[in-house]
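Q:
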Amino acid sequence: MARVPGHPAPRAPFTSREPVSGAFTCTSHPEVRQPALGTCPKCGTPLEPVGTSAALRRLEWVCPVHSHMLRSEPGICSLCGRALEPRGVPRTGIEESGDLRAMKRRLWVAALLTIPLLLLAVHDLSSARGALRWPVLVQVVLASPVCTWAAWPFYARPALSRRSRRLDVFTLAGLGAAVAYGYSLVAAFVPQIFPSKFRNQDGQVAVHFAAASVFITLGLLGRVLELLARHRPGAAVRRMLDMAAQSARRLTQDGSEEEVPLEVLRVGDRLRVRPGDKVPVDGIVLEGHSFVDESMVTGDPIAAEKRAGDFVIGSTRNGGSALLVRAERVGADVLLARIVAMVAEGRRTRAPIQRLADVAAAYLVPVMAGLAGLTFLVWGVWGPEPRMAYALINAASVLIIACPCALGLATPMSIMVAAGRAATAGVLFKNTEAMEMMRRVDTLVVDKTGTLTEGRPKLAAIVATAEMDEAGILRLAASLERGSEHPGAAAIVEEAASRRLELAAAEQLTAMPGEGVTGVVDGHRVAVGNLTLMRRLGVALGANVEHAHTLRAEGHTVMLVAVDGAIVGLVDVSDPIKASTPEAMAALRAEGLRVVMITGDDRTTADVLARKLGIDEVMAGVEPDQKAGAIARLQAQGRRVAMAGDGIDDAPALACAHVGVAMGTGADLARDSADITLVKGDLRGVVRARRLSRAAIGNVKQNLILALIYNAAAVPIAAGILYPAFGRLLDPGVVLAVMSLSSVSVTVNALRLRRLKV
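Mapping to full-length UniProt numbering: the sequence shown position 606 is 606, numbers consecutive.
#1: Would you call Val205 buried or exposed, if buried means 16 or more other Cβ atoms sit within 10 Å of its Cβ?
#2: How big is the Cα-Cα spacing for Gly320 and Gly276?
#3: Suppose the cutoff is 7 Å on Cβ atoms and the five residues either side in sequence are ignored; what does the same chain contact list for Glu95 look like?
#4: Could you tell me the alpha carbon to alpha carbon distance between Ala493 and Val521, rounded to whole angstroms?
#5: Look up Phe194 in the DSSP assignment and say whether it is helix, strand or coil.
#6: Does the Cβ of Glu385 have 16 or more other Cβ atoms within 10 Å, making it buried, or fewer, making it exposed?
#7: Return yes when the C-beta of Arg421 is under 7 Å from any heavy atom of the ligand MG, and no when it is not.
#8: Look at Ala651 and Ala670 and say whether their C-beta atoms are less than 8 Å apart.
#9: Would you mind reading off the limits of the alpha helix (DSSP H) that contains Pro582?
#10: Given 8 Å as the limit, is there contact between the segment 412–420 and the segment 535–552, that is, 3 or more CB pairs closer than that?
#11: Provide the residue span of the alpha helix (DSSP H) that contains Gly718, from first to last.
#12: What do you reckon, are the CB atoms on Ala327 and Asp269 nearer than 8 Å?
#13: Pick out whichever of Val618, Leu452, Leu220, Asp649 has its Cα sitting closest to the Cα of Leu336.
#14: Using a 10 Å radius around the Cβ and a threshold of 16 neighbouring Cβ atoms, would you call Glu481 buried or exposed?
#15: So what does DSSP say about Thr677, is it helix, strand or coil?
#16: Could you give the first and the last residue of the continuous alpha helix (DSSP H) run that contains Gln635?
#17: When burial is assigned at 16 or more other CB atoms within 10 Å of the CB, is Ser196 buried or exposed?
#18: In whole angstroms, what is the alpha-carbon distance linking Leu753 and Ala662?
#19: Mind the definition here: the segment 570–584 touches the segment 684–700 only if three or more C-beta pairs lie below 8 Å; say whether that holds.
#20: Is DSSP giving Gln508 helix, strand or coil here?
#21: Are the CB atoms of Val141 and Ala396 nearer to each other than 8 Å?
#22: Once you ignore the five residues that flank Tyr183 on each side, which residues in its own chain have a CB closer than 6 Å to its CB?
#23: Can you name the start and end residues of the beta strand (DSSP E) that Gly519 belongs to?
#24: Give a yes or no on contact between the segment 462–481 and the segment 671–679, applying the rule of three or more CB pairs nearer than 8 Å.
#25: Assuming Val618 contacts Asp607 under a Cβ cut-off of 8 Å, what Cβ separation, rounded to an integer in Å, is found between them?
#26: Helix, strand or coil for His556 per DSSP?
#27: Val659 and Val441 look like a contact to me (Cβ under 8 Å); what is the Cβ gap, rounded to whole Å?
#28: Kindly confirm or deny that the segment 423–436 and the segment 587–604 touch, where touching means at least three C-beta pairs closer than 8 Å.
#29: Which word fits Gln253, buried or exposed, when buried means at least 16 other C-beta atoms lie within 10 angstroms of its C-beta?
#30: Tell me which same chain residues have a C-beta within less than 6 Å of the C-beta of Ala496, skipping the five on either side of it?
#31: Under 8 Å between C-beta atoms, does Asp682 make it to chain D?
#32: Touch check for the segment 445–459 and the segment 701–711: three-plus C-beta pairs under 8 Å?
#33: Going by CA-CA distance only, name the one from Leu377, Lys757, Ala143, Glu623 that's closest to Ala391.
#34: Under 8 Å, do Val568 and Thr424 count as touching if we go by C-beta distance?
#35: Please classify Gly331: does DSSP put it in a helix, a strand, or coil?
#36: How long is the line joining the alpha carbons of Asp572 and Ala548, rounded to whole angstroms?
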């Protein structure tokens with residue numbers, strides 16, 4: 001992530017400055033203008049600042065899966081039942097969604113009531129006496145809130161699934177939970193209607209309240225985890241909006257300054273940015289010279305030099321000198337706001353990857369419903385008396401046994417264990433989709449600064465060209481640079497401190513903007529700067545010119561050190577390649593991945609690094625808001641793309657890629673926009689992630705097969721296949737045994753992932 005070029009290519013403005021007297025207007029009646037906030041006298045709508053874009057004025061609500069489902073107000077998707085999410089970026093940030101809060105409440109209530117239900121279910125009730133045993137009454141009281149209020153989304157989703165013909169685990173869970181709960185209510189209160197074969201010696205019928213509650217609780221847990229994953233980017237967006245500038249110092253017509261909120265700024269306004277202040281908007285420098293820290297947006301550790309005609313980015317921090325800036329983009333059109341909006345849009349519009357359990361359920365639901373119907377028909381026509389009672393009970397048994405906990409546990413257990421194993425290897429997976437897709441990725445796009453390199457400048461070398469040694473050159477340069485805001489000054493001073501050099505006081509300091517600094521150290525006239533400064537001072541350069549040009553061509557920042565009019569050495573400052581990067585590149589190539597480097601640096605600098613690391617393809621000169629488009633072009637070529645980055649400017653690309661991989665040492669928005677976080681910022685983690693992905697998805701498939709094997713064995717018994725030969729029907733205890741055995745089998749198989757070598 002190199003710095004944004006000094007001045008962007010000409011483009012049409014996002015808004016236009018209009019000669020109006022008021023600062024606020026009505027979105028429906030633009031002729032209404034007022035100098036202060038208020039409501040429209042024609043329609044009563046709250047007024048908006050002039051120049052506010054539609055993205056900030058208006059919110060649409062959209063389904064996170066079906067992007068064509070748009071509404072002007074909150075609600076649920078009529079296709080899948082998911083809560084609609086806001087499309088756009090409200091000025092106040094993104095709060096936790098109502099759907100997430102509601103699901104959390106349902107989960108807590110379900111979990112608290114299910115725990116005692118399980119204790120009662122395992123208690124031996126066979127010796128209980130009376131028409132209705134008291135533990136069953138307790139189960140009814142505990143299970144009813146779980147199976148009605150907490151389980152309501154499970155009942156609503158199947159209704160929508162049947163209408164849209166999109167069947168998934170929610171459909172199966174809702175159907176099974178409703179049947180199990182209804183069956184158990186009847187068995188608890190009117191056991192006499194059941195045939196004698198279903199009653200024990202006390203005339204009681206076994207109930208399935210615990211099984212229904214456990215499945216609902218597990219389903220709610222999965223839903224909450226899904227919503228939390230979607231909420232994380234919103235939380236990062238809120239933090240980013242809080243980090244943005246809150247006001248601006250605008251110059252009036254008479255030259256005085258006034259402090260105004262950002263909402264009232266318009267394109268063309270002249271703004272004063274004092275030292276240490278944040279740049280309020282994207283704009284062009286009119287006057288002044290300074291160094292601006294753009295690392296929060298671009299990730300470049302070296303402050304960007306800005307002078308008249310250069311482009312500055314909103315919310316970046318100005319250095320030691322004041323700047324006069326003309327506003328070019330305001331409101332939602334500034335780079336930071338566009339990045340935030342692109343992150344939200346990229347997360348929402350990315351095609352969802354269907355979970356394997358949903359795929360299994362899409363086939364299992366109609367099959368089991370058909371078997372239940374066939375069971376009802378066979379028992380209703382050819383069964384013993386009372387035929388209808390046998391038909392209803394056995395059909396219900398088929399539906400209950402068709403929904404064992406193992407099917408709901410198959411994916412979460414494997415993913416949970418794999419995620420734990422990944423965490424011990426420094427790889428954090430955010431969701432199941434990332435774990436499924438990572439094994440299929442064929443192209444890895446990597447950002448340069450902070451991903452391939454350390455992300456902060458260091459003194460790479462000191463080249464002595466006279467009799468003075470390296471320590472002496474470094475001591476003089478650091479003594480002079482202590483008071484400088486030059487981008488390489490901090491690296492020089494830091495290196496001197498690490499060598500424990502005692503610095504001297506510098507006198508007569510003179511900073512030459514864009515060239516370097518001069519002064520007197522220990523009675524000697526010392527200058528540290530570029531070739532332009534040395535020529536200005538009349539210093540003889542000799543062969544040092546060629547050496548400096550060679551280092552610059554390799555992407556280094558080179559400063560010459562002169563003492564009393566003679567060059568004594570060169571100081572080479574650069575962003576070093578991470579020690580783990582060469583090994584990571586070799587491992588990625590061994591995995592068959594095509595590596596593409598994307599950077600804002602010029603082509604020459606980027607190609608030098610690419611040759612060193614053996615990178616297959618280079619995208620150079622890419623501005624921060626163009627990275628997502630570069631990812632989209634690769635995807636349009638049919639590639640499955642993973643993007644690795646660490647900066648805020650990488651966030652849209654991370655969100656748009658099939659799999660986003662963030663460096664753990666990077667920006668919050670980058671980590672929260674990504675699907676995978678590499679804790680140590682080591683690209684070797686990508687290889688570990690692929691191995692874990694292959695193992696985890698293979699384990700999920702094994703678990704699904706195990707769960708379906710138990711189904712295949714128990715469903716025929718539930719349908720009554722043993723009755724003609726042995727006169728036996730499905731004992732409700734068999735249901736609990738099947739659920740327990742299948743769940744244990746799935747759990748044991750998933751735990752094998754803990755021993756996986758990555």
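Idealized CB from N, CA, C, for every residue including glycine.
A: So, from the listed chains and residues:
#1: buried
#2: 7 Å
#3: Legend: pLDDT at Glu95 = 49, less than 50; position of this residue unreliable, value from coordinates given subsequently. Excluding positions up to five away in sequence, the list is empty.
#4: The question names Ala, but residue 493 in the sequence shown is Val. Val493 and Val521: Cα-Cα distance of roughly 15 Å.
#5: coil
#6: exposed
#7: Among the components modelled here there is no ligand, and therefore nothing to report on the ligand MG.
#8: yes
#9: 581–590
#10: no
#11: According to the sequence shown, residue 718 is Ala rather than Gly. Per DSSP, Ala718 belongs to the alpha helix (DSSP H) from 684–719.
#12: yes
#13: Asp649
#14: buried
#15: strand
#16: 627–636
#17: exposed
#18: 24 Å
#19: yes
#20: strand
#21: no
#22: Ala396
#23: 516–521
#24: no
#25: 6 Å
#26: coil
#27: 6 Å
#28: no
#29: exposed
#30: Leu474, Ala478
#31: The structure shown contains no chain D, having only a single protein chain.
#32: no
#33: Leu377
#34: no
#35: helix
#36: 9 Å
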